[in-house]
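Residue numbers (UniProt numbering): 1 to 400. For each residue, glycine too, the CB sits at the ideal point set by N, CA and C. Predicted, not measured: the structure shown is a model, and the values here were computed from it. Quick notes on the structure that follows.
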Amino acid sequence: MIPAVQQSNITILSISLILIISILAVKFSAKVNSPSLVFFIGIGMIFGSETVHLFHFDDPSAAQLIGMLALVVILFDGGMQTNWQSLRPHAVPALSLATIGVLLTTIVMGLVAKLLFPFSWPEALLLGALVGSTDAAAVFAMLKGKDVSNKITYTLEGESGVNDPMAVFLTTSLITVVTNETPNSLSFIGDFIWQMGGAIVFGFIIGKLGSKGLHRMALSASGLYPLLALAFALFAYSFGSLLQTSGLLTVYIAAIVIGSHPLRQRYTILRFNEGLSWIAQIGMFVLLGMFVIPSDLFSFSIIAKGLLLSFTLILIARPIATNIAVIRMDFNWKERCFISWAGLRGAVPIVLALFPMLAQIEHSQLYFNLIFFIVLTSSMIQGTSLPWLGRKLDLSKNSK
């Protein structure tokens, strides 16, 4: 057989094995109450260049592109399944957590990073910004099917869906400062307002157009409707990003608007989105697992300082951010405790950690390894114990 064809067959066989193992890992993770992303990343590490050597993946640009495409799919699926009428009463605490919460987390983590590393203040705060946002994929997955009150569920889903713009804004702004470009405070504030406000406006408009198209357009095959919905999602992200707003927030708003209107083939679209979302999660985390170098990630320095940063995030930064962000709001101490513990980190911090690499700034590899380690420990500690905590705090939908 032609060697190139033989290599293609081996690659296809490897991909099929990765998918089978990943699907089995989802089943196993549900039994042990552990986020499946941990297993996906582990599978990527095993198939990567330092272990069985089946794949060699070390291109940060490709990793960032694949990561963003996967996040678009995941956010679109989550947004379409979000009931706006149920989410609206909890929009204020969700927005507060997504903005004030991310900012406070960035500051606290930056202070600790400054003590641990020979960073300048902008470099230390950059590390905090990278890990500042919760992850929509992780939160959606952990809350799906759980007996937790709607008040908490919609607050957490809303936060994870809209806190990416704040994290992206802080990350790109601090990279600008670190690279010695002249900062302009008024420009930063204006950029943030434009990123948030523009994304909401464009997302609403695209969502309205998408809902009308999916409702009124008669296509020749039912399978074309999910593809048209996906096209609107990709258009929303790219259009919003090219206009310097938050592409991810544009997608999420558009998805909520589309999902809140009558559609042709709604069931077909939702089932397609769900399957595609799983493919996106598996592909993204497996590739990110291949991208990381295990010998660097699990060095003594990364483990020691990474654990300290992880526990700071889980036990200090997130609780402070949560309690201040929802102060004077209708949350009792049990609900605040659960919201604090449910601040799961996942794909977004890892994808953001690629930005310093793309900007070629100093310490970029250190940033990536630390963020990767924090995501793993956050997922294993918080994700695994979250169902137990919900039962202990008696936060079910039927509890008073």
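| query | result |
| --- | --- |
| Does DSSP put His286 in a helix, a strand or coil? | The residue you asked about is not His; residue 286 is Val in the sequence shown. Three-state DSSP puts Val286 in a helix. |
| Take Gly213 as the anchor and find which of Ala221, Ala229, Gly198, Ile200 has the nearest alpha-carbon. | Ala229 |
| So residue 401 and Ala199 are supposed to be a Cβ contact under 8 angstroms. How far apart are they, rounded? | In the structure displayed, the chain extends from 1 to 400; residue 401 sits before or after that span and is not available. |
| Mind checking which residues open and close the alpha helix (DSSP H) that includes Leu17? | 3 to 31 |
| Measuring CB to CB, does Leu276 end up less than 9 angstroms from Val73? | yes |
| Looking at Phe372 and Ala353, is the spacing between their C-beta atoms short of 9 angstroms? | yes |
| DSSP on Trp388, reduced to helix/strand/coil? | helix |
| Let's see if you can read the secondary structure: which residues bound the alpha helix (DSSP H) around Met68? | 60 to 80 |
| How would you label Tyr252, buried or exposed, when you count the other beta carbons within 10 angstroms and need 16 or more for buried? | buried |
| Which runs of the alpha helix (DSSP H) fall wholly inside the region 180 to 230 and span at least 4 residues, in chain order? | 185 to 216 |
| Using a Cβ-Cβ distance cut-off of 9 angstroms, determine whether Gly42 contacts chain C. | The displayed structure is made up of one protein chain only, and chain C is not part of it. |
| Under 9 angstroms, do Pro118 and Val178 count as touching if we go by C-beta distance? | no |
| Out of Leu313, Ile43, Gly259, point me to the one whose CA is closest to Val26's CA. | Ile43 |
| To the nearest angstrom, how far is the alpha carbon of Thr384 from that of Ala30? | 10 angstroms |
| Measure the alpha-carbon distance for Ser299 versus Asn369 and round it to whole angstroms. | 10 angstroms |
| Return the CA-CA distance between Pro89 and Lys151, expressed in angstroms with no decimal places. | 9 angstroms |
| Counting only the same chain and skipping the five closest in sequence on each side, list residues whose C-beta sits under 8 angstroms from that of Ile303. | Phe373 |
| Can you tell me whether Pro93 is helix, strand or coil according to DSSP? | helix |
| Measure from the alpha carbon of Phe40 to the alpha carbon of each residue in Leu393, Leu87, Ala280, then state which is nearest. | Ala280 |
| So Gly132 packs on Thr176, CB below 8 angstroms; how close in whole Å? | So it is not a contact: roughly 17 angstroms between Cβ atoms. |
| Locate the alpha helix (DSSP H) running through Arg318, then write down its first and last residues. | 318 to 325 |
| Within 10 Å of its beta-carbon, does Met196 have 16 or more other beta-carbons around it, so buried, or fewer, so exposed? | buried |
| Is the distance from the Cβ of Leu130 to the Cβ of Tyr367 below 9 angstroms? | yes |
| Shortest alpha-carbon distance to Phe311 belongs to which of His261, Asn323, Val375, Asn273? | Val375 |
| So, under 8 angstroms CB-CB, Phe338 and Leu288 are touching, yes? Tell me the CB distance rounded to an integer number of Å. | 28 angstroms between Cβ atoms; not a contact. |
| With H, G and I counted as helix, E and B as strand and the rest as coil, what does DSSP make of Ile371? | helix |
| Using 10 angstroms around the beta-carbon of Trp341, count the other beta-carbons present and answer buried if the total reaches 16, otherwise exposed. | buried |
| Do the CB positions of Gly207 and Ala236 come within less than 9 angstroms of each other? | yes |
| Taking C-alpha atoms, which residue in Asn9, Thr155, Leu19, Leu313 lies nearest to Met329? | Thr155 |
| Using only the alpha-carbon positions, how far apart do Ser295 and Ser378 sit? | 20 angstroms |
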